[in-house]
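Structure first, then comments.
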Amino acid sequence: MMSRIPPSEHADAPEMRQLLAQAEASMGYLPNDVLSLSHWPELLKNLGGLIKTILESGEVDPDLKRLIGIISSRTQGCTYCSAHSSYAANKLGITAEKIASVFEFETSPLFSDAERAALRVAWHGALQPNAVTDEDFAALKLHFSERQIAEIVAVLSLYGFLNRWNETLQTELEPLPAEFNAALQQSSEQKSGT
Numbered sequence: 016m017m018s019r020i021p022p023s024e025h026a027d028a029p030e031m032r033q034l035l036a037q038a039e040a041s042m043g044y045l046p047n048d049v050l051s052l053s054h055w056p057e058l059l060k061n062l063g064g065l066i067k068t069i070l071e072s073g074e075v076d077p078d079l080k081r082l083i084g085i086i087s088s089r090t091q092g093c094t095y096c097s098a099h100s101s102y103a104a105n106k107l108g109i110t111a112e113k114i115a116s117v118f119e120f121e122t123s124p125l126f127s128d129a130e131r132a133a134l135r136v137a138w139h140g141a142l143q144p145n146a147v148t149d150e151d152f153a154a155l156k157l158h159f160s161e162r163q164i165a166e167i168v169a170v171l172s173l174y175g176f177l178n179r180w181n182e183t184l185q186t187e188l189e190p191l192p193a194e195f196n197a198a199l200q201q202s203s204e205q206k207s208g209t
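Okay, so the sequence shown: first residue is 16 according to our numbering, each after it adds one.
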């Protein structure tokens, strides 16, 4: 599937080459959504900083941040972000089994109580922000500080933007996350017997 808009002619500009190189170094490949974002260089530059801040700094475990990205993206129906988050989570060391079981977080022994609380908020927030209940937040507060809760909501909010950007533009999935996503789906199908 081809993206609905091609990469920008700005992608070859000297200031853009640095941003593209940073994205490629961070991901291990050049993400196609970065190429579509290059139509608006100021957005790409600032969004890149926001992504780095939200996903690569703070007090919340980076593994949990990626799991939040996966559940948010799958809930929103964004194949691109779901594949990217799953691939990145696996690169961090999260097992394919845990990634494939993300929607079984309530009952799977692969998830801690803290992860369950965060993923419940992420899932409900991805469905509809007002679907997050006071009970969901009370459970979250048992495990996380207010700062950490702000980080969790920031990850959810970031993926809200990314999911809409990539699904609306039908951003073409790159080979590395596509291959991992296909293997993950095949493994899940074999596990379920379908």
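The beta-carbon is built from N, C-alpha and C at its ideal position, and this holds for glycine as well.
For clarity, every value in this text was computed on a predicted model and none was experimentally measured.
Sixteen is the threshold: when 16 or more other Cβ atoms of the shown chains lie within 10 Å of the Cβ of Glu189, as they do, the residue is buried. Approximately 5 Å separates the beta-carbon atoms of Val136 and Leu155; this is inside 8 Å, confirming the contact. Judged by their CB atoms, Leu191 and Tyr102 are nearer to each other than the 9 Å cut-off. Thr183 places its beta carbon 9 Å or farther from that of Asn47. In this structure, the CA atom of Ile164 is about 31 Å from the CA atom of Ser51. Counting only residues of its own chain and dropping the five nearest sequence neighbours on each side, Leu177 has a CB closer than 6 Å to the CB of Cys96. Secondary structure of Val136 (DSSP, three-state): helix.
Listed in chain order, the non-local C-beta contacts of Ala115 below 7 Å within the same chain comprise Leu199, Ser202 and Ser203, local neighbours out to five positions each way being set aside. Contact between the region 124 to 134 and the region 30 to 44 is absent: fewer than 3 CB-CB pairs across the two stretches fall below 8 Å.
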